[in-house]
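Per this note's numbering, the very first residue in the sequence shown carries number 83; after that it's consecutive. Right, one structure below, let's go through it.
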Amino acid sequence: MAILSHDMTLDILRCLSVKDLLRFKCVSKFWCSWIDDPYFIKLHLSYSLKTNTNRSLIVRHCKYQFLSVNYDSPKITRRLKQPLGEQKKSIQILGSCNGLLAVEDENGRMLLWNPSTRKYQVLPSTEIEFSSPPIRYSRSTYCGFGYDPVSDDYKLVRIVQLLGANDEYFHSEAKVYSLRSNFWRRIKGFCFYFISYRQLGFLANNVLHWMVFKTPESSSRNLVGFDLRSEEFSLVELPDFCIDENIYLNVKAMGGHLCLTSTYWELGDIVADVWIMKEYGVKESWVKLMSSTYPDLIPGSPSEVPLAFSKNGDKVLFHLKFNRDKRDSLVWYDLGSKRIEKVGIRGVPIVYDVDLYVESLVPLNQKPPRVPRKCTST
């Protein structure tokens, strides 16, 4: 019987699901060592990202229940156990990157969690203290999670902002957590005011983004980015129409690009446009992806959130928040025909939050990758 070469074996294994790979670790010691090796873990993740495979939706409802939904076959679902095993404590997802989720429980504990391998790590606690705060003030916390390819490290950013009751006091402090060092560090240079009370950073081009004002008194909206490689803040230019204060803006990341949804009134109708920044950092590369008028194309939804492109890029998956049926729903929007198709998912509740993640073997005990030694033995 012919024996597969090392390279052929890896080519086959990298195409498999995480569930199958975890089972195949029992085949032999060699397979176990290959699958656990950082080189293969990166190989498997790279293949999944390039081919848009092994993608899942993670649905959170009742603040503490999680459901994993196969992106390509939505009828395939499975319930996820909370990482700490405390099934009725609220958990919020702070960010998703390469199969890892940054989450926070109701007690303020932060964790990194890989739902595919069922591994998690509790982060060391960190406090941000302010000197001489006013008697009356509001305190807000903002987070973002992503990957730094230069240092091969996963980083969680936490920004705490204090604002006095009459805007007489304004101060921000920021820290970044490194998975590789398992340590929090203070970072400087954040001098902006967040638009919303609690805002999660979204990742595009290895940069975390938030919508901000330059000052508490400002009404001009700006998009600020934190580069996970250089650990510096900078502004990202938005289209000129964003100056209009009557336009509701929602900026996310989709398919690795910045994605902007603008909603406004036009001739008595609610219009929603979706824009994509084709070339990161280039203002002129913002292009309109689609435009819809309620209730013609996406009926009755006051809030539409684009999640991801289909595998071949001709459709966009939307999360419709609280539509005319008074429930959340997922729909495909065909960019060519401009038709919509509802996505039926078994066991999904009326109202929920949803995030996209790729199933991966990324571990929480970071080790430098190495090319495994070749061996033809099985």
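Just so it is clear, CB atoms sit at the ideal spot from N, CA and C, and this is done for glycine as well.
For Trp368, the closest alpha carbon among the candidates Asp355, Val444 and Lys124 is that of Asp355.
Only residues of its own chain outside the window of five on either side were considered, and among them Pro165, Val185, Tyr202, Gln203, Val204 and Leu205 have a CB closer than 7 angstroms to the CB of Leu193, listed in chain order. Only residues of its own chain outside the window of five on either side were considered, and among them Pro156, Leu399, Ser411, Leu412, Val413 and Trp414 have a CB closer than 8 angstroms to the CB of Val425, listed in chain order. Here the C-alpha atom of Ile94 lies approximately 12 angstroms from the C-alpha atom of Phe122. Distance from the CA of Tyr153 to the CA of Gly283, rounded to the nearest whole angstrom, comes to 23 angstroms. Tyr346: member of the beta strand (DSSP E) spanning His339 to Glu348, first to last residue. For Trp266 and Tyr259, the gap between their C-alpha atoms comes out near 4 angstroms.
Residue pairing by DSSP puts Trp368 in a beta bridge opposite Met359.
Between Cys179 and Tyr146, the beta carbon gap of about 22 angstroms keeps them out of contact (Cβ cut-off 8 angstroms). Around the beta carbon of Cys341, 16 or more other beta carbons lie within 10 angstroms, which makes this residue buried. Every beta strand (DSSP E) of 3 residues or more that sits fully in the stretch 229 to 304 is shown, in chain order, as 235 to 246, 252 to 260, 265 to 269, 284 to 286 and 289 to 295. Assignment of Leu86 by DSSP, reduced to helix, strand and coil, places it in the coil class.
Within the same chain, and ignoring the five residues on either side of Cys97 in sequence, the residues whose Cβ sits closer than 7 angstroms to its Cβ are Tyr129. Between Leu389 and Thr199 a beta carbon distance of about 23 angstroms is seen, past the 8 angstroms cut, so the two are scored as non-contacting.
Within the same chain, Cβ atoms closer than 7 angstroms to the Cβ of Ile269 are found at Ala256, Lys257, Val258 and Glu313, the five residues on either side in sequence being excluded. Residue environment analysis places Gly177 among the buried positions, since at least 16 neighbouring C-beta atoms fall within 10 angstroms of its C-beta.
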